[in-house]
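Quick note: the sequence shown uses numbering that gives the first Met the number 0, first residue 0, plus one each step.
Built from N, CA and C at the ideal position, the CB exists for glycine as well.
Everything below concerns the one structure shown next.
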Amino acid sequence: MVKIPKSHPRYWSLYYREKIIEGMEKGMTAKAGLIAHGRGEAFDYLIGERTIKPAEEAMKAAVAKFLLAECPVISVNGNVAALVPKETIELAKALNAKVEINLFYRTEERVRAIAEELRKYDPNIEILGINPTKRIPGLEHERGKVDEDGIWRADVVLVPLEDGDRTEALVKMGKFVVTVDLNPLSRSARMADITIVDNIVRAYPKIIELAKEMRNLPVEELRRIVESYDNEKILSDVLLHMRDRLTKLAEEGVWRKKELKA
0 MVKIPKSHPR YWSLYYREKI IEGMEKGMTA KAGLIAHGRG EAFDYLIGER TIKPAEEAMK
60 AAVAKFLLAE CPVISVNGNV AALVPKETIE LAKALNAKVE INLFYRTEER VRAIAEELRK
120 YDPNIEILGI NPTKRIPGLE HERGKVDEDG IWRADVVLVP LEDGDRTEAL VKMGKFVVTV
180 DLNPLSRSAR MADITIVDNI VRAYPKIIEL AKEMRNLPVE ELRRIVESYD NEKILSDVLL
240 HMRDRLTKLA EEGVWRKKEL KA
């Protein structure tokens, strides 16, 4: 990775860009993944590059649903493997979920590279999706392949940074779909049952914390959390947050401060 001085005001943004590039060099991330990451960054600016209340509400509902699930699965693509490989393993353990590699631009080389990256953090972790034998109905080519013991059988699936077509297809299969997506207007965000509008590098650590806090809650309480959740309202709240934030910035001004001028 390119060495970035920590004094740089955009250190973390540049750091994660380099992680995506490194992921491509390792054979995990597709070229289109770089474009997707940049698009997400733009929306992160709009929400203020922090975890907002609607995202926290969605995370809590997602954890409750996973803890109630009979066969929960966490899907992993190239960007996820590049950005949060360690956290993915920790999250799977916290939620007692299976891990499955599921790719839009699937090649066996990419699958192997992602599996190798994940196993750095747990050599004994079971990774599904290596040799998928089932296909999501309506999805042609490699992107529709899923593991019979994973997504095919799952009742709840976390598909972060996901393609909208696949999200919609999984919902049509009867899966309960959770996604992490910085763009509240994307098809994935609109088609999922629970949409966490946040940067995955912030979201996963927070979800892990919540899972540890909520794992001993009574089943009735977990069900109440899920049943009271309204994804349409959450997406609307995110858009209202963006609107209000942009309005405030416009009123305050975003140009450099007078004291900085020569």
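Tell me the DSSP secondary structure of residue i in three-state form.
i      : result
Thr87  : helix
Ile309 : Outside the displayed span of the chain (0 to 261) sits residue 309, for which this structure offers no information.
Leu127 : strand
Phe65  : helix
Val225 : helix
Val237 : helix
Ile73  : strand
Thr178 : strand
Ile3   : coil
Pro183 : coil
Ile51  : coil
Met213 : helix
Met58  : helix
Only counting the same chain, and skipping five residues up and downstream in sequence, which positions put a Cβ closer than 7 Å to that of residue i?
i      : result
Arg109 : Gly26, Met27, Gly77, Leu102
Val200 : Tyr15, Leu82, Val83
Ile34  : none
Please go through the same chain and pick out, in chain order, the residues whose beta-carbon is closer than 6 Å to the beta-carbon of residue i, but skip the five residues on each side of it.
i      : result
Ala191 : Thr166, Val176, Thr178
Lys133 : Val145, Glu147, Trp151
Ile154 : Rather than Ile, the amino acid found at residue 154 in this sequence is Asp. Closer than 6 Å at the Cβ level, and outside the excluded window around Asp154, lie Ala68, Glu69, Cys70.
Leu245 : none
Val237 : Pro53, Pro183, Val196
Relative to the C-alpha of residue i, which residue among the options is closest?
i      : options                        : result
Gly128 : Lys119, Glu139, Pro136, Gly149 : Gly149
Val98  : Glu250, Glu125, Val83, Ile51   : Glu125
Tyr104 : Thr50, Leu13, Glu161, Arg222   : Glu161
Val196 : Tyr120, His240, Ala31          : His240
Asn182 : Glu40, Ile135, Glu17           : Glu40
Gly143 : Asp180, Asp154, Ile100         : Ile100
Met23  : Ala112, Phe65, Thr87           : Ala112
Glu219 : Gly173, Leu184, Lys64          : Lys64
Ile88  : Asp121, Glu115, Lys59          : Asp121
Lys18  : His36, Ser6, Asp229            : His36
Leu138 : Thr106, Asp43, Lys171          : Lys171
Phe42  : Glu115, Lys59, Ile207, Ala188  : Ala188
Leu117 : Val79, Tyr228, Leu94           : Val79
Gly163 : Gly252, Trp11, Ser185          : Ser185
Val225 : Ile193, Gly252, Thr106, Pro204 : Ile193
Met58  : Glu250, Val253, Ala249, Tyr228 : Tyr228
Thr343 : Asn123, Ser6, Asn130, Ala91    : This structure leaves residue 343 out entirely; the chain is present only between 0 and 261.
Pro204 : Leu216, Glu86, Ala114, Lys247  : Glu86
Along the chain, where does the beta strand (DSSP E) that runs through residue i open and close?
i      : result
Val253 : Counting along the chain, Val253 falls outside any beta strand (DSSP E), and DSSP gives it neither H nor E.
Just reading off the alpha helix (DSSP H) that residue i is part of, what are its end residues?
i      : result
Ser12  : 10 to 24
Ala35  : 30 to 46
Met190 : 186 to 190
What residues in its chain sit with their C-beta under 8 Å from that of residue i, if we drop five residues either side in the sequence?
i      : result
Val62  : Leu94, Ile206, Leu209, Ala210, Met213
Leu169 : Ile135, Ile150, Val156, Val158, Val176
Leu45  : Met241, Arg244, Leu245
Under the criterion of a Cβ to heavy atom distance below 7 Å, does residue i qualify as lining the ligand NAP?
i      : result
Arg152 : The ligand NAP is absent from the structure shown, which contains no ligand whatsoever.
Legend entry - Continuous beta strand (DSSP E) assignments of at least 3 residues falling wholly in the segment 92 to 164: 97 to 100, 155 to 157
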